[in-house]
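Have a look at the structure below, then the notes.
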Amino acid sequence: MSNWSSKERYILRIKRTKKDDVISSDLIYFANSKKTMKLDILAFGAHPDDIEISVGGTIISEVRQGKKVGLIDLTRGELGTRGTPDIRDLEAMNAAKLMGVHVRENLGLADGLFELNNENKFKVIDAIRRYQPDIVITNAPHDRHPDHGRGAALVVEAAFLAGLYKLQAPGVHSEPWRPKVVYQYMQFVLHTPDFVYDISEVVDDKIACIKAHISQFYNPESLEPQTLIASEHFLNNIKYRASEFGIQAGFSYGEPFMVKRLPGVKSLSALW
Ligand SMILES: [Zn+2]
Numbered sequence: 018m019s020n021w022s023s024k025e026r027y028i029l030r031i032k033r034t035k036k037d038d039v040i041s042s043d044l045i046y047f048a049n050s051k052k053t054m055k056l057d058i059l060a061f062g063a064h065p066d067d068i069e070i071s072v073g074g075t076i077i078s079e080v081r082q083g084k085k086v087g088l089i090d091l092t093r094g095e096l097g098t099r100g101t102p103d104i105r106d107l108e109a110m111n112a113a114k115l116m117g118v119h120v121r122e123n124l125g126l127a128d129g130l131f132e133l134n135n136e137n138k139f140k141v142i143d144a145i146r147r148y149q150p151d152i153v154i155t156n157a158p159h160d161r162h163p164d165h166g167r168g169a170a171l172v173v174e175a176a177f178l179a180g181l182y183k184l185q186a187p188g189v190h191s192e193p194w195r196p197k198v199v200y201q202y203m204q205f206v207l208h209t210p211d212f213v214y215d216i217s218e219v220v221d222d223k224i225a226c227i228k229a230h231i232s233q234f235y236n237p238e239s240l241e242p243q244t245l246i247a248s249e250h251f252l253n254n255i256k257y258r259a260s261e262f263g264i265q266a267g268f269s270y271g272e273p274f275m276v277k278r279l280p281g282v283k284s285l286s287a288l289w
């Protein structure tokens, strides 16, 4: 236990003593725990609320269909105007519990400043190899926040490199693994999607997961500075946008995705 960081001990102490904050034994939060398990889906976000905003409904639906799903946040969002890294860690864990995912980790890259360098690629490669996902989900190719596009580039590159068996480095899980596909979600800037995922049944659960990030979103009681995403309009816009993409695909609410590889189907009935 002596090699744990003080941050890990802090999180684990909360896990034991605060009944409302009990996290499942499967839920860990710091990358140096080096957990290994086979997942169906591994979703990445540059910041601790990106996944909830963009694909919270998809994640909830997939978990309810029995898929094993993990989340990886690249940074702790320490440059965010509201909240602190400690508060955001707890909010991310609470959101993970609501979504029912099997694991959530934070790679601890530098918010706003992380680079597309080998050190960071190795961290993402290690995570992909440890969790062996068939599907990787990540940020949009470019977006309002520059971390989103850079984070996506890091994950897309790492998803390929993770399959190269000769790529070995200290601290990186040695067994190669390449996901079958990488899907990219849409967060702020509008893109043309390649498909839309039906979240009609879970749209309110998605909003609840977003609201678990109490420090970040609309809260009339908050004394922190006003930000674009903390406005009531931003929260409403998430639902409007899900409605807009949903109706284009014949659903009440939907989440749009982009695909790097040409999508293929084995039955025309698989597309609606
Ligand atoms: Zn973000």
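Just add 17 to the spot in the sequence shown (first one is 1) and you have our numbering.
Glycine residues also receive a C-beta, built at the ideal position from the N, C-alpha and C atoms.
Comparing alpha-carbon positions, which option in the options lies nearest residue i?
i: K197; options: G100, L288 and V153; result: V153
i: K51; options: L126, I145 and I76; result: I145
i: K84; options: Y270, G117 and E69; result: G117
i: A170; options: K114, G87 and L91; result: L91
i: K228; options: P210, L252 and I216; result: L252
i: P163; options: D128, L207 and Y148; result: D128
i: N134; options: V172, I104, T101 and D160; result: V172
i: A176; options: H159, Y148 and G188; result: Y148
i: C226; options: P65, M54, W289 and T101; result: P65
i: T155; options: T53, H230, M54 and D67; result: D67
i: V199; options: E241, T101, P158 and I77; result: P158
i: D143; options: H119, E174, D160 and L130; result: E174
i: P242; options: R99, E218, V80 and F61; result: R99
i: R195; options: Q204, L178, D211 and V206; result: L178
i: E79; options: R93, T101, L56 and G97; result: L56
From residue i to residue j, what distance separates their C-alpha atoms?
i: A63; j: G166; result: 9 angstroms
i: I89; j: G125; result: 10 angstroms
i: E95; j: K283; result: 45 angstroms
i: K114; j: Q233; result: 18 angstroms
i: L279; j: S260; result: 26 angstroms
i: A247; j: E132; result: 27 angstroms
i: S286; j: V213; result: 15 angstroms
i: Q201; j: V276; result: 6 angstroms
i: W289; j: L245; result: 35 angstroms
i: V189; j: Y257; result: 42 angstroms
i: A266; j: K183; result: 43 angstroms
i: F274; j: E192; result: 29 angstroms
i: D222; j: E69; result: 10 angstroms
i: L240; j: D211; result: 41 angstroms
So what does residue i bridge to, in DSSP terms?
i: L59; result: G87 and V153
i: V213; result: P273
i: R121; result: L88
i: Y202; result: F274
i: L252; result: According to DSSP, L252 bridges with nothing at all.
i: L181; result: Paired residue(s): none; L181 is not in a bridge.
i: L126; result: T92
Is residue i close to ligand 1? I mean its beta-carbon at under 7 angstroms from any heavy atom of the ligand.
i: D106; result: no
i: D67; result: yes
i: H208; result: no
i: A63; result: yes
i: D90; result: no
i: H162; result: yes
When you measure from the CB of residue i to every non-hydrogen atom of ligand 3, does any distance come out below 7 angstroms?
i: H165; result: This structure lacks ligand 3; its bound ligands are ligand 1.
Our contact map puts residue i next to residue j with C-beta atoms below 8 angstroms; I'd like the distance itself, whole angstroms only.
i: G271; j: I224; result: Going by Cβ atoms, the distance from G271 to I224 rounds to 14 angstroms, so no, they are not a contact pair.
i: P187; j: I58; result: With 8 angstroms as the limit, P187 and I58 do not qualify as a contact, their Cβ atoms being about 28 angstroms apart.
i: I231; j: E136; result: Actually they do not touch by this definition, with Cβ atoms about 33 angstroms apart.
Compare the C-beta of residue i against all C-beta atoms of chain D and say whether one is closer than 8 angstroms.
i: T53; result: Structure shown: chain D not included; a single protein chain is present.
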